[in-house]
Amino acid sequence: MSTAPKAIAGARERYEPVIGLEVHAQLKTASKIFCCCSTRFGAPPNTQVCPVCLGLPGVLPVLNERAVRDAVMVGLAVGSKIALRSVFARKNYFYPDLPKGYQISQYDRPLCEGGSIDIRSGEGWKRIGLVRIHLEEDAGKSLHPEGRAGIHTTRVDLNRAGVPLIEIVSEPDIRSGEEATDYMARLRQILVYLDVCDGNMEEGSLRCDANVSVRPKGSTSFGTKTEIKNLNSFRFVDRAIAYEIERQIGLIESGGRVVQETLLWNSEQGVAESMRSKEEAHDYRYFPEPDLLPLDLDPAWIESVRASLPELPHALRERLVREHGIPEYDAEVLIETRSLASYYEDVAARSGQPKLASNWIMTEVNAIRNRDGLSIERFPIQADRLGALVGMIGAGSISGKIGKQVFEHMLTDPAAPDEIVKRHGLLPIDDEASLLELADEIVAANPGPAAEFRAGKEKTFGFFVGQAMKRSGGRAHPEKLQAALRAALAKQA
Amino acid sequence: MSASVHKETAEDLARSVRDGSRSASEIARAFLERTGRTSDRLGTYLHLDPESILAAATAVDDRRKSGEPLGPLAGVPVAIKDNICIRGVPTTCGSRILEAYRPPYDAHVITRLRQAGAILFGKTNCDEFAMGSSNENSAYKPVRNPWDPERVPGGSSGGSAATVAAREAPLALGSDTGGSVRQPAAFCGVVGLKPTYGSVSRYGLVAFASSLDQIGPLARSARDAALLFDSIVGRDPRDMTSRPEAKGVDLEELERGVKGIRIGIPGQFLGEGLDPEIRACLDQVRDGLAREGATELDVALPHARYAIATYYLIAPAEASSNLARYDGVRYGLRAGNGDLRGMYETTRGLGFGREVKRRILLGTYALSAGYYDAYYLRAQKVRTLIRRDFTEAFGKADVLLLPVTPTPPFRLGEKTEDPLAMYLNDIYSIPASLAGVPALSFPAGFTKSGLPIGLQLVGKPVDETTLLRVARAWEKASDAARRAPALAEAAA
Amino acid sequence: MRIDAGTVRKIAALARLRVAPEDEERYVRELQEILTYVEQLQALDVEGIEPTSTVVAGEPVPLRPDEEISSDVRDEALAAAPDREEDYFRVPRVV
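Chains as they are written, first to last, in this note's numbering: chain A, 15 to 507; chain B, 3 to 494; chain C, 6 to 100.
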């Protein structure tokens with residue numbers, strides 16, 4: 015285990031971390047990349063296997079068209095150059111969950127090269143370059159039953175073997191754990207927008223390895239890097255990178271040297287452990303996969319894929335700001351998913367209140383969604399109903415306070431908001447007669463404070479307003495109520 | 003009547019089953035009986051199950067009785083090299099590492115043969131994982147040459163060639179990576195075709211060197227070879243390297259003679275080391291075909307002499323990767339106790355024979371960091387030069403004529419201690435493999451001592467027809483294809 | 006290239022092949038002989054020559070449509086395993 019000597023106070027400021035991420039994303043195809051087996055997560059062990067993904071003698075891979083299309087979509091979405099010819103290669107190594115003894119991947123001729131993803135950095139934006147995106151197959155799963163004495167075996171489940179992955183390799187443009195997390199979140203958002211990956215890190219649909227080094231600020235050469243594997247949540251990405259930066263600076267500050275090695279993030283102990291003892295120097299003996307021809311793409315086909323791209327997060331964000339005049343912060347929240355954004359647009363259009371609509375979604379709607387773990391698709395109030403409600407509030411026909419009550423009812427009652435208002439007697443009280451009656455009643459019931467008011471204690475007026483509002487269930491029209499109260503107090507003087 | 007069954011062509015056997023003059027069961031019994039007499043001596047089979055053979059024959063007979071259509075190979079036994087998968091039938095590739103292995107699926111060619119009505123007739127012995135030129139690398143037993151059991155039948159499809167030559171089966175499938183169909187065909191005096199790379203699906207053929215492997219037919223005549231080829235050729239969606247333009251052979255085409263066919267002879271390539279009797283046979287065939295109306299010309303294959311060096315980098319490199327799956331995890335042999343690493347090394351150390359290990363080591367070395375460019379990549383570039391030689395030669399010639407082997411069949415044990423000498427034996431067969439073009443070995447004549455001499459015809463991509471047509475013309479012009487080994491005659 | 010026992014041991018380890026110590030010398034000799042033979046390729050000028058990794062030309066086989074088809078081999082495959090535990094393949098522990 016690598017221990018992290020405490021960095022000398024202040025040393026952190028003298029170093030610049032240099033981080034590059036390699037992200038593996040599982041594509042949402044129905045079948046595996048080279049055979050017809052299902053890609054469903056969580057099936058009983060070794061049920062989604064066939065001669066091809068079991069690596070039986072004599073089988074051959076047949077490339078899944080959808081996997082290619084999905085990978086090209088990602089490449090186009092992040093501005094990569096799509097290779098008209100890319101080449102699959104065998105990466106040779108032995109591991110029990112790698113049935114053929116090699117992984118079919120792409121090596122010197124990947125499907126996509128270049129491109130970038132913009133991330134938040136401080137107050138502004140920062141562009142993170144991409145080296146490449148390539149297609150490959152996943153390995154199976156090795157399970158090592160832990161903690162049982164005398165267990166010296168590993169179990170292998172090959173359901174995942176052959177599931178299509180894309181590997182997205184960034185340039186070493188990232189400078190902190192926070193930037194890395196934001197990069198991951200934005201990459202994930204793009205993949206989900208494209209509907210090519212479910213983005214589920216817990217189920218391993220999105221996995222991240224980080225290459226980390228540090229160098230003295232101002233230096234242009236790179237320090238020795240380490241690779242941290244197994245970063246399967248946003249939190250781990252942030253923590254592991256922060257940990258490793260700290261460890262490397264501490265090492266250098268105490269006169270040591272960073273050793274190039276692969277580390278495994280241990281999330282339970284919050285440390286990165288060296289894998290050195292577990293593997294020898296790698297020599298993957300890559301060579302072109304002779305069972306697959308080079309993948310040649312037709313430029314017209316690539317253009318047809320481009321034409322099918324949905325609106326992407328950054329474009330959508332800019333459009334929401336432009337078309338609805340809402341702050342960039344709001345837009346950022348509302349584009350969480352494409353469906354949330356379209357929900358918003360629907361509510362804004364129906365209510366004619368773009369900012370109010372945004373406020374309601376960001377606060378009331380998201381509070382319920384977070385509480386109940388609901389996607390916007392499963393949120394009980396459809397956009398048309400929320401739009402009507404926000405419209406009523408915006409037009410002043412009900413107060414925000416009543417609006418919240420109506421909203422609560424709407425969560426379980428499928429009726430339209432005006433219907434709910436009527437049914438629950440939530441209509442505002444604004445006719446003078448009713449208000450006067452209410453005012454008279456309140457004044458009569460509180461002779462003491464009434465006397466004080468009449469004696470010139472103006473402050474007491476607030477008490478009457480509060481009482482009357484309470485009595486009306488918040489429905490009383492505020493200005494008209496005040497007028498009625500003053501009239502009632504004056505009347506009995 | 004059944005006493006003569008083994009002399010008939012596959013074509014005639016199928017016809018007789020279709021027209022009802024013979025039953026498939028009768029044919030199956032006749033061949034089983036003959037095989038029973040010679041196969042132990044020859045070592046031709048690794049697995050033969052009379053019961054399932056007879057059951058398959060009965061099924062064909064039942065289909066005929068119920069009036070169902072019968073395929074072009076109805077009732078014809080076809081022996082299958084043991085590196086081609088048949089569901090539920092042992093498929094060992096001549097290796098200890100797959101000793102008890104039974105694949106859960108059929109190779110594409112097996113599916114096709116079943117559709118054609120063929121009777122799958124046992125798994126033939128071969129060099130381990132198809133690596134060898136003498137069939138002495140089978141982990142189980144060597145195959146002996148029916149013409150002289152002290153001599154090798156060639157390899158790696160030695161069992162397939164020997165069983166057809168000994169009249170144990172009318173047809174067989176082999177696989178050819180650097181000459182593994184053609185060389186044993188030549189040594190055993192039968193026809194052996196290596197189709198154009200991609201013409202026959204490799205799905206279910208246990209891989210040796212993926213960019214070179216092809217399944218091919220072995221038969222006693224060009225027409226029978228064509229019949230079997232026609233039953234297995236064609237694009238298969240499960241093999242992405244199968245060719246769109248792959249096509250079968252029209253038997254009537256084969257009867258058109260060689261008039262006007264331009265036969266190229268790579269004179270310069272046939273220099274050193276070529277046995278004078280084979281050289282003389284080649285001249286004789288050349289002259290004979292000229293008399294039939296073919297024209298002859300000299301062609302150059304300037305890079306063909308680099309073919310062995312090229313092949314012995316590319317094939318072992320691919321093999322080292324293809325054979326990584328034999329790791330004791332999912333099937334086959336597992337040996338060794340202790341940790342995973344020890345299990346891998348012991349399993350593979352015990353499971354693979356010496357030749358296979360040698361090639362895995364060589365291929366691993368050729369691909370390893372630091373040597374890739376000097377070895378593997380350079381070999382791939384030379385492969386391009388060799389392909390270009392063929393493209394140029396086919397600008398002038400329709401078909402090339404050359405030897406299959408530099409010498410007639412050698413004795414068992416003669417070359418086992420000298421791997422390089424064994425490799426050099428493949429000098430004439432490897433160039434066509436690297437170029438991916440079709441090549442055929444046909445019985446051309448005999449040495450004075452009575453050993454068969456096979457010669458090779460190499461054709462343009464997907465032009466198997468011309469190769470078979472020229473071989474057919476020679477069959478008509480000579481008696482080379484009509485002689486049978488004494489052992490087969492004695493068994494009759 | 007000179008091959009020695011160390012080279013053979015290194016590539017044997019990479020290929021997960023146990024080579025008996027008494028066989029090492031033989032492999033050194035044989036590999037050396039073959040590698041010396043293939044040295045002849047170094048004399049060829051391959052400048053600007055594209056490597057051949059496949060000889061298939063023409064319209065490629067179309068890619069596979071993304072359709073899920075389940076296979077019926079699972080039980081046979083598991084039954085063929087040298088060692089299994091429940092429905093898993095079992096191997097000595099990855100150290």
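All residues carry an ideal CB built from backbone N, CA and C; glycine is no exception.
Just so you know, these numbers come straight off a predicted model, no measurement behind them.
Do you know how far the Cα of residue j is from the Cα of residue i?
i	j	result
Met424/A	Gly339/A	28 Å
Glu279/B	Lys450/B	8 Å
Val86/A	Met345/B	41 Å
Asp122/A	Leu323/A	27 Å
Leu75/B	Gly181/B	26 Å
Ser268/A	Gln262/A	10 Å
Ala502/A	Thr474/A	14 Å
Pro463/A	Ala498/A	17 Å
Leu83/C	Ser244/B	30 Å
Gln270/B	Ala302/B	7 Å
Gly69/B	Ser233/B	22 Å
Phe108/A	Arg89/B	27 Å
Val6/A	Asp398/A	Nothing in the structure corresponds to residue 6/A, since chain A is present only between 15 and 507.
Trp476/B	Ser75/C	51 Å
Lys95/A	Asp209/A	21 Å
Tyr373/B	Asp465/B	37 Å
Glu130/B	Thr349/B	16 Å
Ser25/B	Ala109/B	27 Å
Gly143/A	Arg31/C	52 Å
Ser213/B	Tyr313/B	11 Å
Gly24/A	Asn373/A	42 Å
Taking 9 Å as the cut-off, decide whether the C-beta atoms of residue i and residue j are in contact.
i	j	result
Gly387/A	Arg364/A	no
Gly351/B	Ala25/C	yes
Gly438/B	Thr60/B	no
Phe231/B	Gly262/B	no
Thr12/C	Tyr367/B	yes
Leu74/A	Asp241/B	yes
Pro186/B	Asn139/B	no
Tyr308/B	Gln45/C	yes
Arg95/C	Val170/A	yes
Ile512/A	Ala286/A	Residue 512/A lies beyond the range of chain A shown here (15 to 507); nothing can be said about it.
Between which residues of its own chain and residue i is the CB-CB distance below 7 Å, once the five residues before and five after are set aside?
i	result
Asp215/B	Ser177, Thr179, Arg204, Leu207, Ala209
Ile255/A	Ile33, Gly191, Ala194, Ala224, Val226
Asn106/A	Gly115, Tyr116, Tyr298, Arg299
Please return the same chain residues whose Cβ sits closer than 6 Å to the Cβ of residue i, not counting the five positions on each side in sequence.
i	result
Val183/A	Glu36, Val145, Arg146
Leu309/A	Ser100
Ala227/B	Val193, Leu195, Pro219, Ala221
Glu293/A	For Glu293/A, the predicted structure reports a pLDDT of 49, less than 50, and the residue's modelled location is therefore unreliable. The matter cannot be settled from this model.
Leu369/B	Ala319, Tyr378
Arg489/A	Pro442, Ile443
Excluding the five sequence neighbours on either side, which residues of its own chain have a C-beta within less than 8 Å of the C-beta of residue i, listed in chain order?
i	result
Val166/B	Ala81, Pro172, Leu173, Ala174, Cys190, Val192, Leu220, Ala221, Arg222
Thr168/A	Pro110, Ser156, Leu157, His158
With 9 Å set as the bound, which would you pick, yes or no: does the beta-carbon of residue i sit closer than that to a beta-carbon of chain F?
i	result
Met133/B	Absence of chain F from the displayed structure is noted, the protein chains being A, B and C.
Please classify residue i: is it buried, with 16 or more other beta-carbons within 10 angstroms of its beta-carbon, or exposed?
i	result
Ala459/A	exposed
Arg484/B	exposed
Gly136/A	exposed
Ser214/A	The sequence as given places Asn at residue 214/A; Ser does not occur at that position. It is exposed - the Cβ of Asn214/A has fewer than 16 other Cβ atoms within 10 Å.
Asp50/C	exposed
Thr377/A	exposed
Trp139/A	exposed
Item to complete: Counting only runs of 4+ residues fully inside the stretch 281-368 of chain B, write out the alpha helix (DSSP H) ranges in chain order.
Response: 309-324, 342-353
Discussion item. To test your reading of the DSSP string, which unbroken alpha helix (DSSP H) runs of 4 or more residues are found completely within the stretch 383-458 of chain B?
Written reply: 421-426, 432-437
Practice prompt. At 4 residues or longer, and completely inside the stretch 325-364 of chain A: list those alpha helix (DSSP H) runs for me, N to C.
Written response: 327-338, 342-348
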